[in-house]
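S.K.:
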Amino acid sequence: MKSIVATEYGGPEVLRTVDAPPPAPSEGQVLVRVAASSINPLDWHELRGTPYVVRIMRGLRAPKPSGHAMGSDVAGVVESVGPGVTRFAVGDAVLGFGLGAWSELMVVSEAGLVHKPASLPMTDAGGVGVAATTALQGLRRGGLVAPLTWGPGDVEPMRPRVLIIGASGGVGSFAVQIAKLLGAHVTAVTSTRNLALVARLGADDVIDYTTTEVTRELPRFDLVFELAGNRRVRDLARILTPTGALVSCGAPRGQWLGPLVGPAALAVRSRFSRRTYASFLAKRDTADLQQLADWLGTAALRVVIDEVYPVERIADAVAHAEAGHVRGKVVVDL
Ligand SMILES: NC(=O)c1ccc[n+]([C@@H]2O[C@H](COP(=O)([O-])OP(=O)(O)OC[C@H]3O[C@@H](n4cnc5c(N)ncnc54)[C@H](OP(=O)(O)O)[C@@H]3O)[C@@H](O)[C@H]2O)c1
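The numbers in numbering that gives the first Met the number 0 rise by one with no breaks, and the one at position 249 of the sequence shown is 248.
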């Protein structure tokens, strides 16, 4: 089978197409014929081996053979199942994420997959996995758990005020929609060309970061979800309510410790405050993937696609995503 691998660290130019033996699913694993995948920042961090802490896991000078296969998001069709798999059968259309998705075939843990809604095109499904999961789990980490409810005759409760910085990117385009589904009043921060896009996704207010510095806003947000990685924690703290939460996913670019400074600053602040300051890593969670699939199946949630690249142009797709200004997801058609 054809597989896109990286046997050395570097930019998109080090990606190679190789013929690899098809993997076999073991206990609890599903073999998926991949139809579509997408590019996440995780992919180009792994490709470049930066920040250098990535290399502790992947190999110091070059990726270990186990780390050659690239790509995480997957949409495709089940080819076979390993022992103990109960939720899937050959021929099922699925979506989710795992390791080595930029291949004709990949093995994924059963827990990392759900059935693809029939109405959702494969290309859209290929853009869901990591970004949509990060959006859902990040908002939950900031306390946005379920839509508000109130009884007849009750006064409608105040909607939590959520600020999403980096609202037009892969995670942000899902986060705006999910925050609305969870009952928030959403303010989205993006650049001029994406203002209309985030408004269409449901944002109540939009802020153009090229003309307005969001950290000079009034201190009114119950949750700031930070995806751009270029603002100081102490500046963002100024716009939080006294018990508000700052959840940060965005990391400043850098090869050494830069990306680790933000999480450390958040951890220190959290210890001495009534507010929540958190950085987090998205985790594979079947129930979360199912929630996302349910929303996608009813079109309550949609996938914003910037561009679909054929697999032959995957290096261009990675370069496009790494430039940092994608609108929604960059999808790869396998
Ligand atoms: N912790 C985790 O588990 C996890 C998982 C996924 C992603 N992440 C991290 O989350 C971040 C976002 O990921 P992503 O996939 O959404 O990236 P992405 O698709 O590349 O989107 C980045 C967005 O940031 C916006 N942006 C750039 N400069 C900005 C600024 N100064 N102010 C506000 N927005 C700005 C861009 O919008 P414009 O074009 O309008 O500038 C773009 O839409 C990345 O740092 C990624 O590493 C973490």
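Virtual Cβ for every residue (Gly too), placed ideally from N, Cα, C. Treat the numbers as computed from the prediction; the structure is a model and nothing was measured.
Please determine whether the Cβ atom of I164 lies at a distance below 7 Å from any heavy atom of ligand 1.
M.R.: Answer for I164: yes, Cβ within range of ligand 1.
S.K.: Given the structure, does S190 come close to ligand 1, in the sense that its CB is under 7 Å from one of the ligand's heavy atoms?
M.R.: Result yes, Cβ under 7 Å from ligand 1.
S.K.: Curious, which full-length alpha helix (DSSP H) runs of at least 4 residues does the stretch 166 to 208 contain?
M.R.: The qualifying runs are 169 to 180 and 194 to 199.
S.K.: Are G66 and Y8 closer than 8 Å when you measure CB to CB?
M.R.: No. Outside cutoff.
S.K.: Can you round the beta-carbon distance between L288 and P116 to whole angstroms, since I take them to be within the 8 Å contact cut?
M.R.: Rounded, the Cβ-Cβ distance is 12 Å, inconsistent with contact.
S.K.: How should T210 be labelled, buried or exposed, when 16 other C-beta atoms within 10 angstroms of its C-beta is the threshold for buried?
M.R.: Classification for T210: exposed.
S.K.: What does a CB cutoff of less than 6 Å around V76 pick up in its chain, not counting 5 residues either side in sequence?
M.R.: R32 and A92, listed in sequence order.
S.K.: Which of the three DSSP states, helix, strand or coil, is assigned to I304?
M.R.: Three-state result, I304: strand.
S.K.: Using the Cβ count rule (16 or more neighbours within 10 Å means buried), how would you classify L147?
M.R.: Exposed: under 16 other Cβ atoms inside 10 Å.
S.K.: Measuring CA to CA, which of A198, D221, G165 and S190 is closest to R139?
M.R.: It is D221.
S.K.: What is the DSSP secondary structure of V246, counted as helix, strand or coil?
M.R.: Reduced to three states, the DSSP call for V246 is strand.
S.K.: P241 by DSSP, collapsed to three states: which one?
M.R.: Of the three classes helix, strand and coil, the one that applies to P241 here is strand, per DSSP.
S.K.: By Cβ distance, which residues of its chain are closer than 7 Å to L98, with the 5 residues on each side in sequence left out?
M.R.: Excluding sequence neighbours, L98 sits near A68 and S71.
S.K.: Name, in chain order, the residues that DSSP records as bridge partners for M105.
M.R.: Paired residue(s): V31.
S.K.: Helix, strand or coil, according to DSSP, for E321 in the structure here?
M.R.: Of the three classes helix, strand and coil, the one that applies to E321 here is helix, per DSSP.
S.K.: Are G243 and G228 closer than 8 Å when you measure CB to CB?
M.R.: No, these two residues do not count as a Cβ contact at 8 Å.
S.K.: Is it buried or exposed, W149, if we count other Cβ atoms within 10 angstroms and call 16 or more buried?
M.R.: W149 should be labelled exposed.
S.K.: Can you tell me which of the three DSSP states I3 falls into?
M.R.: Here I3 sits in strand by DSSP.
S.K.: Exposed or buried, L280, counting other C-beta atoms within 10 Å across all chains shown (16 or more means buried)?
M.R.: Exposed: under 16 other Cβ atoms inside 10 Å.
S.K.: DSSP on T16, reduced to helix/strand/coil?
M.R.: It is a strand residue.
S.K.: Can you tell me where the alpha helix (DSSP H) holding R57 begins and where it ends?
M.R.: Segment V53 to R57, the alpha helix (DSSP H) holding R57.
S.K.: For I163 versus A145, is the C-beta spacing smaller than 8 Å?
M.R.: Not in contact: I163 and A145 (Cβ atoms no closer than 8 Å).
S.K.: In the DSSP assignment, the beta strand (DSSP E) including R160 goes from what residue to what residue?
M.R.: It spans R160 to I164 - the beta strand (DSSP E) in which R160 sits, taken as one unbroken run.
S.K.: Is the stretch 103 to 119 touching the stretch 192 to 205, taking contact as three or more C-beta pairs under 8 Å?
M.R.: Too few Cβ pairs lie closer than 8 Å, so no.
S.K.: Taking three-plus beta-carbon pairs below 8 Å as touching, is the stretch 52 to 60 in contact with the stretch 77 to 86?
M.R.: No contact exists between the stretch 52 to 60 and the stretch 77 to 86.
S.K.: Confirm the yes/no value for this check: CB of Y208, any heavy atom of ligand 1, distance under 7 Å.
M.R.: Y208: yes, Cβ under 7 Å from ligand 1.
S.K.: Determine the burial state of F271: buried for a count of at least 16 other Cβ atoms within 10 Å of its Cβ, exposed for fewer.
M.R.: That one is exposed.
S.K.: What is the DSSP secondary structure of A264, counted as helix, strand or coil?
M.R.: Correct three-state label for A264: helix.
S.K.: Can you grab the Cα-Cα spacing for the pair A61 / L46, in whole Å?
M.R.: Cα to Cα, the separation comes out at about 10 Å.
S.K.: With burial defined as no fewer than 16 other Cβ atoms inside 10 Å of the residue's Cβ, what is the status of A57: buried or exposed?
M.R.: First, the amino acid is wrong: residue 57 is Arg here, not Ala. Under this definition R57 is a buried residue.
S.K.: So, with DSSP's three-state summary, where would you put H67?
M.R.: Looking at H67 - three-state DSSP - the assignment turns out to be coil, as it is neither helix nor strand.
S.K.: From T297 to M121, what distance separates their C-alpha atoms?
M.R.: Roughly 16 Å separates the two Cα atoms.
S.K.: Cβ of L222 less than 8 Å from any chain D Cβ?
M.R.: In summary, chain D is missing from the structure at hand, where a single protein chain is found.
S.K.: Under the criterion of a Cβ to heavy atom distance below 7 Å, does L226 qualify as lining ligand 1?
M.R.: It does: the Cβ of L226 is within 7 Å (strictly closer) of some heavy atom of ligand 1.
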